[in-house]
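Asker: Residue numbers (the working numbering): 4 to 118. We treat Cβ as the ideally placed atom computed from N, Cα and C, and that holds for glycine. Since this is a predicted model, take the numbers as computed values, not measurements.
#1: Among residues of its own chain, excluding the 5 on either side of residue 14, which ones have a beta-carbon nearer than 6 Å to its beta-carbon?
#2: Taking only three categories from DSSP, how would you classify residue 3?
#3: So, at 6 Å on beta carbons, what are the nonlocal neighbours of residue 42 in its own chain, with the 5 sequence-adjacent residues on each side left out?
#4: Going along the chain, which residues of its own chain have a beta-carbon closer than 8 Å to the beta-carbon of residue 17, five neighbours each way excluded?
#5: Using only the alpha-carbon positions, how far apart do residue 79 and residue 68 sit?
#6: Using the beta-carbon count (16 or more within 10 Å), is residue 109 buried or exposed?
#7: For residue 76, count the other beta carbons within 10 Å of its own beta carbon; 16 or more makes it buried, fewer makes it exposed. Which is it?
#8: By Cβ distance below 8 Å, which residues in the same chain neighbour residue 60 in space, the five residues on each side in sequence not counted?
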């Protein structure tokens with residue numbers, strides 16, 4: 004089992020920045036890919052960014068150039084630096100880790116961007 008605790012959500016004006024963090028505990032030795040997803044009201048959950056054990060990253064087109072994902076393998080954390088936030092970034096953001104063959108989700112943290 005892997006437990007995930009997220010932090011860093013909140014309310015920010017358009018153009019502002021937020022940093023999300025996710026700390027993993029438990030069977031962390033088996034974690035490979037870590038990432039962030041988001042779900043806006045009435046929409047499906049979508050990928051925001053992922054980072055694998057080798058540091059390779061993948062971003063949704065909508066956040067490229069504005070968001071940066073990073074991880075600290077020693078601390079089992081994954082972070083998402085979000086800059087130049089837009090109202091359409093408003094959503095609940097979920098941390099996800101892949102511990103083959105199982106994936107784990109965090110509880111979610113609300114990000115609200117006002118115009």
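Answerer: Taking the structure as given:
#1: 115
#2: This structure gives no information on residue 3, because the portion of the chain shown stretches from 4 to 118.
#3: 48, 94 and 95
#4: 88, 89, 90, 116, 117 and 118
#5: 25 Å
#6: buried
#7: exposed
#8: 52, 53, 54 and 72
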